[in-house]
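For the record, the sequence lines run as chains U and Y.
Sequential numbering of the first sequence, starting at 795, is according to our numbering.
Sequential numbering of the second sequence, starting at 4, is according to our numbering.
What follows is a single structure, written as C-alpha cells, with notes after it.
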Amino acid sequence: MSVPEELYYTAEHEWISISDTVARVGITDYAQRALGDVVYVSVPAVGTKVTAGDPCGEVESTKSVSDIFSPADGEVIEVNPEIDDDPGLVNSDPYGAGWLFKIALDSADDVPPGLLTAAEYQALTQEQGQE
Amino acid sequence: MPDPQSPAPRRTPLAAVHEALGAAMTDFAGWLMPLRYRSETAEHVAVRTAAGLFDLSHMGEVLVTGADAGAALDYALTGQASAIAPGRARYTMICAPDGGVIDDLIVYRLAAAEFLIVANAANTAAVVAELTERASGFAAAVADRTDGYALIAVQGPSAAAILGPLTADDLTGLRYYSSREATVAGRRALVARTGYTGEDGFEIFVAPRDAIPLWDALTEAGQGSGLRPAGLAARDSLRLEAGMPLYGNELSREVTPFDAGLGRVVRLDKPGDFVGRAALARRAAAGPSRVLTGLIGQTRRVPRHGYQVLWNGEPCGVVTSGAHSPTLGKPIAMAYLSPGAAESARAAQEAGQGRLAVDIRGSAEPAMLAPLPFYRRPD
C-alpha cells in the first residue's frame, strides 16, 4: 500500500497536498482498495464552502458508498474534470490523476490542524487492517 | 473492528491460494472468502467475455440417500425431486409451513436413491436440520457433507474450451442442469453444468485435498483464454445482471417463491402433501402481495439494498439488490414493489411518463422499470 511521505492525511482516508494556500484533495490508496472499483464520484461544486470534518461529497464503488470529508476549511476552486467520465482514475492513480478537488484554504497557517503525517496515517491503517 | 464474540471464519481448501494471489478476503456467512483479486469489474467482464474461476467451497452440500430419498424430498421441498432423472438437476426451494423461503437449492439426482443438495452457506445448518426432521418418517438418510467437498466453478463462454482438454470424459454432451462423474486433471470429480452468472459453465465438486491441484490445472488450462480468478463481488454483480435471486436479499422467510416471481418452483400439481403446500396454494390463488421488479437507474447513483422506491414521491417498495452493471454501464437493481404501483408505473412508462424513483440517501433519483433478466447470454 502506498502512503507518499509528502502528503498529509485524515482518519477518514483522504489525502491533502498543500502548496501555499491551495490544497489538493483525494482519497488514499488504502481507501480505494477497501472500496473496490469506483463507479461514481460526487464532488462539491466550485465555489462551495467546505468545513474540515464535514461531508462534502461521496465516492461510490461497486459494493458501497462512502462520504468524502473535507480535510480543511476553505472554498472549492477546482474539481478534477476527468473524474466524472473516468471514476476508475481513483483506483488506478489515487494520488495523481485520481485527485478530486482543490480548495483555497481559509487559514494561512502552514498546515491545517488535525491532519496526520504519512507515518501516523500508516500506523492508523495498520491498526485498521488487523481485523 | 474485530468482534471477540464471533469465531474465526472457516477457511476453504483454497484460502491460501486466494491469499497468495493477493485477494481481498472477507467473512461471508462464516467463511473467509475472496471478495476480489484485483478489479471486480475486470473479473465480471472476464466472465462475460472469456471465463472466470470461482471458489464456491463455502456452499453447503447435503446428501440424501435411501430407497425413499425421492419421496422424502418431495415432502420436504417445493419441487418434485422424485421426477428428476438420474444425472439431471433442478432449481428448487425449501419453505416453512407458512410458505416463507428457508433456502433456495439446487438438487442433483446422482442415482435412483442418491440426491446431492447444494445450499447457501448461511443456511446450510438450517437446511440440514429441516431435511433431517422432514425425512424422519421415510427410509432416507440426510448427511451434511459440506466438509467432504471443495467446489470450483468455471463460468463463461470459454469455460467448455478450458475444461474440455482436462478430461477424457465427454462434457460437450453434458446438458445445462445436468451432472456426471468425470476425471478432471487426474482427480475424481462430479461435474455439473450449472452456475450463478448467466453464462455457460461448470461447477466441479472434488475432495478437499484435490482442490488446489484442480485450481492450478484450470488456471494453467485457461492461460491464453483470458481466464481470471473471480471473487464474490463479481459473482454478485453477475447474478444480478442475470436476474437471479440472492438469499437474504430477494429471498427470505418473509417472502414466498411467488413474491419473487419464482412460483414455477412450487409444484402444486405433484402428488402428496409437502411442507408449506396449504399456505402456498392460498398464495398462488390470491396473487402476490408484492412484485419483484427490475429497475435501471437513470443517473449515475446506484440504488442499494434497503433503499425505498418512490412512485409519485410516495414509497411503493424497497430495493433488494443494486449495483453498477458493467455490461449495461448503468445502475441496475431488483426491488419489491406493491402490485398496484408496479402496474401504474408500467402504464406510465409506456405512455412516456416516468415518475418512478429511488430514494438514494435523501435524493429521489429517477429509475425505469426493466424486464428481468438485465442480461441474457447470446446464443
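Cβ coordinates follow ideal geometry from the N, Cα and C atoms, glycine included.
Simplified DSSP state of residue i, which is helix, strand or coil
{"i": "Tyr915 of chain U", "result": "helix"}
{"i": "Ala129 of chain Y", "result": "helix"}
{"i": "Tyr78 of chain Y", "result": "helix"}
{"i": "Ser324 of chain Y", "result": "strand"}
{"i": "Val877 of chain U", "result": "Position check: residue 877 of chain U holds Ile in this sequence, whereas Val was assumed. Coil."}
{"i": "Leu35 of chain Y", "result": "strand"}
{"i": "Gly167 of chain Y", "result": "helix"}
{"i": "Asp867 of chain U", "result": "coil"}
{"i": "Leu240 of chain Y", "result": "Checking the displayed sequence, the identity of residue 240 of chain Y turns out to be Ser instead of Leu. Correct three-state label for Ser240 of chain Y: helix."}
{"i": "Pro248 of chain Y", "result": "coil"}
{"i": "Arg307 of chain Y", "result": "coil"}
{"i": "Gln352 of chain Y", "result": "helix"}
{"i": "Pro5 of chain Y", "result": "Residue placement at Pro5 of chain Y cannot be trusted, given a pLDDT of 48 that sits under 50; what the coordinates show is reported in the next sentence. In this structure, Pro5 of chain Y counts as coil in the three-state DSSP scheme."}
{"i": "Thr200 of chain Y", "result": "coil"}
{"i": "Ala99 of chain Y", "result": "coil"}
{"i": "Leu17 of chain Y", "result": "coil"}
{"i": "Arg212 of chain Y", "result": "helix"}
{"i": "Glu799 of chain U", "result": "coil"}
{"i": "Leu221 of chain Y", "result": "helix"}
{"i": "Pro369 of chain Y", "result": "strand"}
{"i": "Pro232 of chain Y", "result": "strand"}
{"i": "Arg148 of chain Y", "result": "coil"}
{"i": "Leu883 of chain U", "result": "helix"}
{"i": "Arg178 of chain Y", "result": "coil"}
{"i": "Leu359 of chain Y", "result": "strand"}
{"i": "Gln158 of chain Y", "result": "strand"}
{"i": "Arg91 of chain Y", "result": "strand"}
{"i": "Thr135 of chain Y", "result": "helix"}
{"i": "Pro334 of chain Y", "result": "strand"}
Close-in-space but distant-in-sequence residues of the same chain around residue i (CB under 7 Å, 5 per side omitted)
{"i": "Glu253 of chain Y", "result": "Ala263, Leu295, Thr323, Ser324 and Met337"}
{"i": "Pro888 of chain U", "result": "Gly820, Ile821, Thr822, Asp823 and Gln826"}
{"i": "Arg286 of chain Y", "result": "Gly102, Thr259 and Phe261"}
{"i": "Pro374 of chain Y", "result": "Gly297"}
{"i": "His327 of chain Y", "result": "Val305 and Pro334"}
{"i": "Ile97 of chain Y", "result": "Ala79, Leu80, Ile105, Asp106, Leu108, Val130 and Glu133"}
{"i": "Ala116 of chain Y", "result": "Thr68, Gly69, Ala70 and Ala72"}
{"i": "Ser347 of chain Y", "result": "Trp314"}
{"i": "Gly275 of chain Y", "result": "Asp77 and Tyr78"}
{"i": "Ala846 of chain U", "result": "Ser864, Pro865, Ala866, Asp867, Pro906 and Gly908"}
{"i": "Gly204 of chain Y", "result": "Ala156, Val157, Gln158, Gly159, Ala162 and Gly198"}
Whole-Å CB distance - residue i paired with residue j, under 8 Å assumed
{"i": "Val187 of chain Y", "j": "Ile215 of chain Y", "result": "Not really, about 14 Å apart at Cβ, beyond 8 Å."}
{"i": "Gly2 of chain Y", "j": "Ala282 of chain Y", "result": "Here chain Y has residues from 4 to 382 only, and residue 2 of chain Y is not among them."}
{"i": "Ala142 of chain Y", "j": "Gly69 of chain Y", "result": "5 Å"}
{"i": "Val837 of chain U", "j": "Ser855 of chain U", "result": "So it is not a contact: roughly 15 Å between Cβ atoms."}
{"i": "Leu829 of chain U", "j": "Val853 of chain U", "result": "6 Å"}
{"i": "Ala114 of chain Y", "j": "Ile105 of chain Y", "result": "That belief does not hold up - the Cβ atoms of Ala114 of chain Y and Ile105 of chain Y are roughly 26 Å apart, past 8 Å."}
{"i": "Tyr310 of chain Y", "j": "Met247 of chain Y", "result": "The Cβ separation is near 20 Å, so there is no contact."}
{"i": "Glu353 of chain Y", "j": "Ala233 of chain Y", "result": "About 38 Å separates the two Cβ atoms, so there is no contact after all."}
{"i": "Ser181 of chain Y", "j": "Ala92 of chain Y", "result": "6 Å"}
6 Å Cβ shell around residue i - same chain, five flanking residues per side excluded
{"i": "Leu909 of chain U", "result": "Tyr802"}
{"i": "Ala146 of chain Y", "result": "Leu66"}
{"i": "Trp809 of chain U", "result": "Leu801, Tyr803, Gly820 and Thr822"}
{"i": "Ser926 of chain U", "result": "With chain U running from 795 to 925 in the structure shown, residue 926 of chain U is simply not present."}
{"i": "Asp861 of chain U", "result": "Pro849 and Glu852"}
{"i": "Pro12 of chain Y", "result": "Asp30, Gly33, Trp34 and Leu35"}
{"i": "Val209 of chain Y", "result": "Ala153, Arg190, Ala192 and Leu217"}
{"i": "Tyr179 of chain Y", "result": "Arg196"}
{"i": "Pro211 of chain Y", "result": "Pro16 and Ala153"}
{"i": "Ala185 of chain Y", "result": "Thr170, Asp172, Ala192 and Val194"}
Neighbourhood of residue i by C-beta, 8 Å cutoff - its chain only, sequence neighbours within 5 removed
{"i": "Thr175 of chain Y", "result": "Ala163 and Gly167"}
{"i": "Val816 of chain U", "result": "Ile871, Lys896, Ile897, Ala898 and Leu899"}
{"i": "Ser228 of chain Y", "result": "Ala53, Ala54, Ser161, Ala164 and Ile165"}
{"i": "Asn95 of chain Y", "result": "For clarity, residue 95 of chain Y is Thr in the given sequence; the question names Asn instead. These residues qualify, in order along the chain: Leu80, Thr81, Gly82, Ala84, Asp107, Leu108, Ile109, Val110 and Val268."}
{"i": "Val840 of chain U", "result": "Val870, Ile871, Glu872 and Val873"}
{"i": "Glu799 of chain U", "result": "Ala912"}
Would the region 262-270 of chain Y count as touching the region 281-295 of chain Y if we require 3 or more Cβ pairs under 8 Å? yes
Are the region 232-244 of chain Y and the region 36-53 of chain Y touching by the rule of at least three beta carbon pairs closer than 8 Å? yes
Segments assigned beta strand (DSSP E), at least 3 residues, entirely inside the region 256-281 of chain Y: none
For the region 103-127 of chain Y, list the beta strand (DSSP E) runs that are entirely contained and at least 3 residues long, ordered along the chain. 104-114 and 117-122
Three Cβ pairs or more, each shorter than 8 Å: is that satisfied between the region 18-26 of chain Y and the region 147-157 of chain Y? no
Taking three-plus beta-carbon pairs below 8 Å as touching, is the region 210-227 of chain Y in contact with the region 21-31 of chain Y? no
Which runs of the beta strand (DSSP E) fall wholly inside the region 885-914 of chain U and span at least 3 residues, in chain order? 895-899
Should the region 894-906 of chain U be called in touch with the region 864-876 of chain U, which here means at least 3 C-beta pairs below 8 Å? yes
Please list the segments of the beta strand (DSSP E) lying wholly inside the region 34-69 of chain Y, counting only runs of 3 or more residues, in order along the chain. 34-39, 54-58 and 63-68
Tell me the start and end of each unbroken alpha helix (DSSP H) in the region 804-865 of chain U that is at least 4 residues and wholly inside, in chain order. 823-829
Cβ contact check for the region 356-363 of chain Y and the region 303-317 of chain Y: 3 or more pairs under 8 Å: yes
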